[in-house]
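Peer 1:
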Amino acid sequence: MLKIEGLSKRFVGADKTVTAIDGIHLEVSSGEFVTMVGPSGCGKSTILNILSGLMTPTLGSVTVNGVPLKGVTRDIGYVTQQANLMPWRTLIDNVSFPLEVSGVKTAERQSRARDLIKLVGLAGFEHAYPDQLSGGMRQRANIIRTMIYEPKVILMDEPFGPLDAQTRVVLQDLLLSLWSRAKSTILFITHDLQEAIGLGDRVVLLSARPGRIASIEHVPLPRPRDVFKIHDSPDFRALFDKLWLELEKQVRTE
Amino acid sequence: MTDIQISAESGDAAALAESARFAGRRRRYQTTVRLAQALIVFFVLLLWQFGGGILFDAFYLGSPRGIGLILLNDLQDPLFYRDIRVTGTEMALGYGLGASLGIAFGGIFARWRFVADVFDPFFVAFNSIPRIALAPLLVIWFGIDTGAKVVLAATLVFFVTFFSTLAGIRNVDSALINVARVLGVNEWQLFFKVQLPASLSWIINGLRLSLPFALIGVIVGEFLVASSGLGYRLNMYSTTYNTNGTFAMIIVMMVFMMCLNGAVSFLERKAIGRAPAEDQSYLHA
Ligand SMILES: Nc1ncnc2c1ncn2[C@@H]1O[C@H](COP(=O)(O)OP(=O)(O)OP(=O)(O)O)[C@@H](O)[C@H]1O
Ligand SMILES: [Mg+2]
């Protein structure tokens, strides 16, 4: 479904050029949840920026269901690390924004937004402004703002990065239930190896900069998963230890 | 269960009491500030009224009593109201024209890089002309009536609103714009649903800052050529060395401007939709 071939990005600056990513190949099938981990600065965000259509690659191509990607498209959603809600809009108006711009009638988009808001436990805050919400609440809003228009592929760039450990797990659980409901394809970036294994069908490990694919591991854990308890499973442990060694190697070479 | 409810209630009560304490302290503080202000006004008026002939020559500074008498007199003069109406109308037209063009051009320049780059030096050059020097030309082009004053005020208002709109739109967080693009906005929606609301506070600030310029433009115009308006009245008093009358007109313009500023602040609160979160500290009243 999502096919990435030979993707490279080189930033040319005044005094030096930085190769952020180099020759990334990846195929993600429909409905799959793929997570990506890698050392800081290895080009993870760069990959998502390209896949979202906001940035053009130096080399390589991206196709969605065989159609080459050209610029931003409603087929691909992008959940960023910062919630980036519009501060002048209430929660419900933020969440329903994508439907508003595509011309969905007020009543329908409000009711769809309300359903999702309730689903992620924000009922009662529909008319709150972003600065009246906590970081975790804003991030929930950020996620359902993308879910609401049901893009085929959803890119997520460390969406739980700035949150505390408990909120993270709660939102991981929430994300898994949203994903199984929407049946979308997700490419999820994280710093956190536990998160990568807990959520993903496959974990893609990137090398230190320039980012290349160091290894891809299949996660042998059954679904539905309980992210609160998953860390106890021996399969989880084994995969964690294996990936941890790899990751350590990449961080060391930096 | 009941225990929890009771403690929640008392928690609410405590929070209410706390905010009442804050409100009370803020009120008391504000009263003190007002009192100090009233005292200052009182002493200045006292000094002004009774210092004439002792501390200074009343010919140059007039006196509160004399100013008051002229104001009372003017307030009964139908021509005074005509003058206010004339100045007000010219100002409203000049402000409306300048501000709407300023916002429109600010939007166009912010959206259209090529136009902005091409016209930038011309705008800077034009804005460098002391507008008073333009007045004689404007009179030739637009006549001695309303036209010249409106245009003079508009040229002043235009640049203030133009530059603040431009700066506001250019300063919109690019992350917000990228997010909106990903969420599927077209260029039109990007402008009206993201860039414009995101820069609203800049635009309103421009509208507020440019308001005095509208009055300046009109008064200067009336000063030069006019047979009515507050500027004309001011000119009339000052050319006859009537200090009290001149002061009276200055006060009228000041009050006039303060009323307008109040109106803009009111509109600003309406436009922003909600008051910014209130500061609990009673030090910033
Ligand atoms: N617009 C840009 N111009 C120049 N260099 C850039 C730009 N964006 C990213 N880079 C460089 O590309 C490299 C990869 O950046 P990127 O943000 O993709 O890393 P990352 O893996 O997301 O890091 P982190 O885990 O810290 O978020 C970095 O060295 C960065 O300095
Ligand atoms: Mg990043």
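If you read the sequences in order, they're chains A and B.
Just so we're aligned, residue 8 is where the first sequence starts under the numbering used here, counting upward by one.
Just so we're aligned, residue 18 is where the second sequence starts under the numbering used here, counting upward by one.
Cβ atoms here follow ideal geometry from the backbone N, Cα and C, with glycine treated the same way.
Because the structure is a prediction, the values reported are computed rather than measured.
Mind pulling the chain A residues with CB within less than 8 Å of G201 of chain B?
Peer 2: The residue given as residue 201 of chain B occupies position 184 in the second sequence. Residues of chain A passing the Cβ test: V79, R81, P105, V108, S109 and Y156.
Peer 1: According to DSSP, which residues form a beta bridge with P75 of chain A?
Peer 2: Against the first sequence, residue 75 of chain A aligns to sequence position 68. DSSP lists A:T70 as partners of P75 of chain A.
Peer 1: Report yes or no: do the stretch 24 to 44 of chain A and the stretch 199 to 217 of chain A share at least 3 C-beta pairs separated by less than 8 Å?
Peer 2: Flag = yes, the stretch 24 to 44 of chain A and the stretch 199 to 217 of chain A touch.
Peer 1: Checking contacts by CB at 8 Å: is G84 of chain A closer than that to chain B?
Peer 2: Position 77 of the first sequence, counted from the first residue, corresponds to residue 84 of chain A. Closer than 8 Å: yes.
Peer 1: By Cβ distance, which residues of its chain are closer than 8 Å to V237 of chain B, with the 5 residues on each side in sequence left out?
Peer 2: In the second sequence, counting from the first residue as 1, residue 237 of chain B sits at position 220. If we look at V237 of chain B and ignore the five residues flanking it on each side, its Cβ neighbours are R148, I149, A152, L169 and G248.
Peer 1: In chain A, which residues lie less than 7 Å from L193 of chain B when you measure between Cβ atoms?
Peer 2: Position 176 of the second sequence, counted from the first residue, corresponds to residue 193 of chain B. Ordered by position in chain A, the residues that pass the 7 Å Cβ test against L193 of chain B are N91 and M93.
Peer 1: Looking only at C-alpha atoms, which of A:L246, A:E165, A:S118 and A:K10 sits nearest to Q89 of chain A?
Peer 2: Here residue 89 of chain A is taken as the residue at index 82 of the first sequence, counted from 1. Among A:L246, A:E165, A:S118 and A:K10, the Cα nearest to that of Q89 of chain A belongs to A:E165.
Peer 1: What is the rounded straight-line gap between the Cα of G13 of chain A and the Cα of V281 of chain B?
Peer 2: Along the first sequence, read from residue 1 onward, the residue named residue 13 of chain A stands at position 6. Along the second sequence, read from residue 1 onward, the residue named residue 281 of chain B stands at position 264. Whole-angstrom Cα-Cα distance: 57 Å.
Peer 1: Can you find the residues in the same chain that come closer than 7 Å, C-beta to C-beta, to G28 of chain B, ignoring five residues on each side of it along the sequence?
Peer 2: Reading the second sequence from its first residue, position 11 is the one you call residue 28 of chain B. Cβ neighbours of G28 of chain B beyond the five flanking positions: none.
Peer 1: Please list, in chain order, all residues of the same chain as Y299 of chain B whose beta carbon is under 6 Å from its beta carbon, the five residues on each side excluded.
Peer 2: Numbered from 1 along the second sequence, position 282 holds the residue referred to as residue 299 of chain B. Its pLDDT being 37, under 50, Y299 of chain B is placed unreliably by the model, and the measurement read from it follows with that caveat. Contacts found: R42, R43 and Y46.
Peer 1: By the three-class DSSP mapping on this structure, what secondary structure does T42 of chain A have?
Peer 2: The residue labelled residue 42 of chain A in the question sits at position 35 within the first sequence. T42 of chain A: strand per DSSP, three-state reduction.
Peer 1: Cβ of K16 of chain A within 7 Å of any heavy atom in ligand 2?
Peer 2: The residue given as residue 16 of chain A occupies position 9 in the first sequence. K16 of chain A Cβ: outside cutoff for every heavy atom of ligand 2.
Peer 1: Checking contacts by CB at 8 Å: is R128 of chain B closer than that to chain A?
Peer 2: Walking along the second sequence from the start, residue 128 of chain B turns up at place 111. No, because no Cβ of chain A sits closer than 8 Å to the Cβ of R128 of chain B.
Peer 1: How about G201 of chain B and V108 of chain A: are their beta carbons less than 8 Å apart?
Peer 2: For this step, residue 201 of chain B is matched to residue 184 along the second sequence. For this step, residue 108 of chain A is matched to residue 101 along the first sequence. Yes, Cβ-Cβ distance for G201 of chain B and V108 of chain A is below 8 Å.
Peer 1: Which residues, taken in chain order from the stretch 48 to 78 of chain A, show a beta carbon closer than 7 Å to some beta carbon of chain B?
Peer 2: Per Cβ criterion, the list reads S59 and L61.
Peer 1: When the Cα atoms are used, what is the spatial distance from K51 of chain A to N222 of chain B?
Peer 2: Walking along the first sequence from the start, residue 51 of chain A turns up at place 44. Walking along the second sequence from the start, residue 222 of chain B turns up at place 205. K51 of chain A and N222 of chain B: Cα-Cα distance of roughly 40 Å.
Peer 1: Taking Cβ to Cβ, would you say T97 of chain A is nearer than 8 Å to A148 of chain A?
Peer 2: Within the first sequence, residue 97 of chain A is the residue found at index 90, counting from 1. Within the first sequence, residue 148 of chain A is the residue found at index 141, counting from 1. Cβ atoms of T97 of chain A and A148 of chain A: not closer than 8 Å.
Peer 1: Can at least three beta-carbon pairs, one atom from the stretch 135 to 144 of chain B and one from the stretch 73 to 80 of chain B, be found at a separation below 8 Å?
Peer 2: No, the stretch 135 to 144 of chain B does not touch the stretch 73 to 80 of chain B.
Peer 1: Comparing the C-beta of R198 of chain B with each C-beta of chain A, is any distance below 8 Å?
Peer 2: The residue you call residue 198 of chain B lines up with position 181 of the second sequence. Judged by the 8 Å Cβ criterion, R198 of chain B is in contact with chain A.
Peer 1: List the residues of chain D that T113 of chain A touches, going by C-beta distances under 7 Å, in chain order.
Peer 2: Considering every chain present, this structure includes no chain D. Its protein chains are A and B.
Peer 1: To the nearest angstrom, how far is it from the Cα of Y11 of chain B to the Cα of L155 of chain B?
Peer 2: For residue 11 of chain B there is no data in the structure shown, the boundaries of chain B being 18 and 302.
Peer 1: List the residues that DSSP assigns as beta-bridge partners of S222 of chain A.
Peer 2: By 1-based counting over the first sequence, the position of residue 222 of chain A is 215. Answer by DSSP bridge pairing, in chain order: A:L212.
Peer 1: Starting from Y85 of chain A and walking both ways along the beta strand (DSSP E), at which residues does that stretch end?
Peer 2: In the first sequence, residue 85 of chain A corresponds to position 78, counting from 1. From DSSP, the beta strand (DSSP E) with Y85 of chain A extends over I83 to V86.
Peer 1: Which chain A residues are close to Q66 of chain B, counting only those with a beta carbon under 7 Å from its beta carbon?
Peer 2: Locating residue 66 of chain B in the second sequence gives position 49, where the first residue counts as 1. Neighbours of Q66 of chain B on chain A: none; closest Cβ ~51 Å, over 7 Å.
Peer 1: When you compare each of A:E202, A:E133 and A:I54 to D182 of chain A by their alpha carbons, which one comes out closest?
Peer 2: Counting from one through the first sequence, the residue named residue 182 of chain A turns up at place 175. The amino acid at residue 182 of chain A is misidentified as Asp; the sequence shows Leu. Comparing Cα-Cα distances from L182 of chain A to each of A:E202, A:E133 and A:I54, the minimum goes to A:E202.
Peer 1: Here's the rule: buried if 16 or more other CB atoms are within 10 angstroms of the residue's CB, otherwise exposed. What is Y254 of chain B?
Peer 2: Within the second sequence, the letter at position 237 stands for residue 254 of chain B. Per the 10 Å Cβ criterion, buried.
Peer 1: Give the secondary structure of R225 of chain B by DSSP, where H, G and I count as helix, E and B as strand, and everything else as coil.
Peer 2: Counted from its first residue, the second sequence places residue 225 of chain B at position 208. R225 of chain B: helix per DSSP, three-state reduction.
Peer 1: Mind checking whether G84 of chain A and L170 of chain A have CB atoms under 8 Å apart?
Peer 2: Position 77 of the first sequence holds residue 84 of chain A. Position 163 of the first sequence holds residue 170 of chain A. Contact: no.
Peer 1: Which chain A residues are close to Q206 of chain B, counting only those with a beta carbon under 8 Å from its beta carbon?
Peer 2: Walking along the second sequence from the start, residue 206 of chain B turns up at place 189. Within chain A, the residues near Q206 of chain B are V108.
Peer 1: Let's test the definition: count the other Cβ atoms within 10 Å of the Cβ of P137 of chain A and tell me whether it reaches 16, buried, or not, exposed.
Peer 2: The residue labelled residue 137 of chain A in the question sits at position 130 within the first sequence. By the neighbour-count rule (16 or more Cβ atoms within 10 Å), P137 of chain A is buried.
Peer 1: Since N91 of chain A contacts A215 of chain B with CB under 8 Å, what's their CB separation in whole angstroms?
Peer 2: Position 84 of the first sequence, counted from the first residue, corresponds to residue 91 of chain A. Position 198 of the second sequence, counted from the first residue, corresponds to residue 215 of chain B. Not a contact, Cβ separation roughly 11 Å.
Peer 1: Going by DSSP, what residue range makes up the alpha helix (DSSP H) through R130 of chain B?
Peer 2: Within the second sequence, the letter at position 113 stands for residue 130 of chain B. Residues R130 to S145.
Peer 1: Going by C-alpha to C-alpha distance, which of B:L88, B:G115, B:W129 and B:F73 sits closest to N261 of chain B?
Peer 2: Counting from 1 along the second sequence, the entry for residue 261 of chain B is found at position 244. Nearest C-alpha to N261 of chain B: B:L88.
Peer 1: Note down, in chain order, every chain B residue with its Cβ under 8 Å from the Cβ of T87 of chain A.
Peer 2: Taking the first residue of the first sequence as position 1, residue 87 of chain A is located at position 80. Per Cβ cutoff of 8 Å: A192 and V196.
Peer 1: Find out if the Cβ-Cβ distance for the pair R152 of chain A, P105 of chain A is shorter than 8 Å.
Peer 2: Position 145 of the first sequence holds residue 152 of chain A. Position 98 of the first sequence holds residue 105 of chain A. Yes, the pair counts as a contact, with Cβ atoms nearer than the cut-off.
Peer 1: Measuring only from the beta carbon, is K51 of chain A closer than 7 Å to any heavy atom that is part of ligand 2?
Peer 2: Position 44 of the first sequence, counted from the start, is the residue given in the question as residue 51 of chain A. Yes - ligand 2 has a heavy atom lying nearer than 7 Å to the Cβ of K51 of chain A.
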